[in-house]
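Under the UniProt record's numbering, the letters of the sequence shown match residues 1 to 292, in that order. Cβ coordinates follow ideal geometry from the N, Cα and C atoms, glycine included. Treat the numbers as computed from the prediction; the structure is a model and nothing was measured. Single-structure report; data block below.
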Amino acid sequence: MAAQGREWRVQGIHRLALRVPDLSAAQRFYRDVWLLSDQGRDGDFEAFRSPAEDHDELLLCEGATQIAHLAFTVGSREDLGAITARLEAEGFPTRRIADELLFRADAAAAAVEDPDGREIWLVVPQPGTAATDGAHPLAPRRIGHVVLWTPAQEAAERFYGLLGFDITDRTNAGMSFLRCNADHHSLALMKSVRGKTGLQHIAFDVGSLDNVMRNFARLRGLEVECAWGVGRHGPGNNVFSYYTDPAGNYIEYYGEMELFAADAPVETRIWGPEHKGDVWGLAGVPPLGFRE
Numbered sequence: 001m002a003a004q005g006r007e008w009r010v011q012g013i014h015r016l017a018l019r020v021p022d023l024s025a026a027q028r029f030y031r032d033v034w035l036l037s038d039q040g041r042d043g044d045f046e047a048f049r050s051p052a053e054d055h056d057e058l059l060l061c062e063g064a065t066q067i068a069h070l071a072f073t074v075g076s077r078e079d080l081g082a083i084t085a086r087l088e089a090e091g092f093p094t095r096r097i098a099d100e101l102l103f104r105a106d107a108a109a110a111a112v113e114d115p116d117g118r119e120i121w122l123v124v125p126q127p128g129t130a131a132t133d134g135a136h137p138l139a140p141r142r143i144g145h146v147v148l149w150t151p152a153q154e155a156a157e158r159f160y161g162l163l164g165f166d167i168t169d170r171t172n173a174g175m176s177f178l179r180c181n182a183d184h185h186s187l188a189l190m191k192s193v194r195g196k197t198g199l200q201h202i203a204f205d206v207g208s209l210d211n212v213m214r215n216f217a218r219l220r221g222l223e224v225e226c227a228w229g230v231g232r233h234g235p236g237n238n239v240f241s242y243y244t245d246p247a248g249n250y251i252e253y254y255g256e257m258e259l260f261a262a263d264a265p266v267e268t269r270i271w272g273p274e275h276k277g278d279v280w281g282l283a284g285v286p287p288l289g290f291r292e
């Protein structure tokens with residue numbers, strides 16, 4: 001479906017908050033292996049960011065593996081009011097996040113449940129400052145996109161359309177790619193016939209094919225096994241390599257995502273059964289946990 005109210009739309013991923021069974025192991029991994037900057041505590045969560053980012057974008061706390069919330073950036077308080085009013089009018093109750101419950105990267109926020117019961121935050125961000133001094137040259141630049149399992153893909157697409165997402169591509173495998181800015185996708189939805197509603201993967205932008213390959217070599221040197229890749233996707237055209245974190249979440253280093261003019265009209269493209277996920281034909285079959 002086409003996005004509703006293009007002038008009032010989310011702008012991209014603000015952060016992902018996850019619960020993980022072993023917080024210490026996850027902290028070490030994201031700091032020492034994945035090269036995120038450890039920002040210490042923010043409320044009940046440990047906060048991390050890509051060094052080039054001006055705000056915390058990955059929050060972790062201890063618990064059974066699941067998404068605590070997924071937050072999208074909203075440009076202003078006025079836009080936040082317009083988006084929440086649209087959600088309410090379409091039957092999705094929202095709630096304002098009290099000031100004392102905001103994270104330090106938030107100036108204002110509201111929350112809503114998507115059709116699969118996930119908590120979605122809409123956040124007007126606080127101005128921040130990137131801390132690139134001393135950062136590893138291969139560190140991620142940002143969380144570029146998040147992919148979610150859904151047993152109710154049409155309902156999920158309709159919901160995210162209310163946030164301003166458009167569908168760029170669909171695949172025969174049941175995946176829809178949604179964009180809200182110049183990136184080919186900031187969100188994707190993977191159809192689950194088994195009722196899964198969790199995280200399918202998180203993707204970190206490292207900028208280029210060279211940086212994906214250099215990180216592949218770096219992680220191999222650390223004896224971190226690549227779960228899938230290196231390859232190049234058809235939808236999005238990005239180079240990819242996938243790994244798993246200590247909680248079993250699939251995580252991606254990617255580069256060279258297809259870009260559009262942010263306000264360009266969207267004509268959804270369809271990828272048929274001949275597409276196997278890697279146009280190079282090098283990566284092989286995705287791991288079982290990555291598909292159904």
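N-terminal and C-terminal residue of the beta strand (DSSP E) that residue i is part of
i: I97; result: Per DSSP, I97 belongs to no beta strand (DSSP E) and is neither H nor E.
i: E225; result: First-last for E225: undefined, no H or E at that position.
i: S176; result: M175 to R179
i: T150; result: R142 to T150
Span separating the alpha-carbon of residue i from that of residue j
i: D210; j: Q39; result: 28 Å
i: G214; j: R96; result: One detail in the question is off: residue 214 reads as Arg in this sequence, not Gly. One C-alpha to the other measures close to 43 Å.
i: V206; j: Y254; result: 6 Å
i: A139; j: F204; result: 9 Å
i: L148; j: G221; result: 30 Å
i: P21; j: C226; result: 22 Å
i: V285; j: H275; result: 12 Å
i: L212; j: V224; result: Here residue 212 turns out to be Val, not Leu, going by the sequence shown. Roughly 14 Å between the two C-alpha positions.
i: G117; j: W8; result: 23 Å
i: V146; j: I13; result: 8 Å
i: P246; j: E46; result: 15 Å
i: L163; j: D263; result: 15 Å
i: G289; j: E252; result: 14 Å
i: R291; j: R19; result: 22 Å
i: F92; j: E119; result: 12 Å
i: A17; j: L58; result: 6 Å
i: A173; j: P273; result: 7 Å
i: P265; j: F48; result: 35 Å
i: R77; j: L70; result: 19 Å
i: G43; j: W280; result: 44 Å
i: R142; j: R179; result: 16 Å
N-terminal and C-terminal residue of the alpha helix (DSSP H) that residue i is part of
i: S50; result: Looking at the DSSP string, S50 is not in any alpha helix (DSSP H), and its letter there is neither H nor E.
i: S24; result: L23 to R28
i: D169; result: Run containing D169: none in the alpha helix (DSSP H); it sits in the beta strand (DSSP E), D166 to T171.
i: F216; result: L209 to G221
i: T84; result: R77 to A89
i: G161; result: Q153 to L162
Environment of residue i [buried if 16+ CB atoms lie within 10 Å]
i: T268; result: exposed
i: P235; result: buried
i: R232; result: buried
i: G144; result: buried
i: I270; result: exposed
i: D32; result: exposed
i: D278; result: buried
i: Q66; result: exposed
i: S208; result: exposed
i: S50; result: buried
i: T129; result: exposed
i: G229; result: buried
i: A188; result: buried
i: A283; result: buried
i: R104; result: exposed
i: S24; result: exposed
i: R41; result: exposed
i: A217; result: exposed
i: N237; result: exposed
i: A26; result: buried
According to DSSP, residues forming a beta bridge with residue i
i: R269; result: D169
i: I13; result: F72
i: E113; result: E119
i: Y254; result: D205 and F240
i: F45; result: D42
i: S37; result: R49
i: L187; result: V146 and L178
i: residue 361; result: Residue 361 lies beyond the residue range present for the chain, which begins at 1 and ends at 292; the question has no answer from this structure.
i: E62; result: V20
i: D106; result: P125
- prompt: For the 8 Å Cβ check, are there 3 or more pairs between the region 106-126 and the region 150-162?
  reply: yes
message: Closer than 8 Å is the cut-off here; do at least three beta carbon pairs connect the region 120-132 with the region 193-201?
response: no
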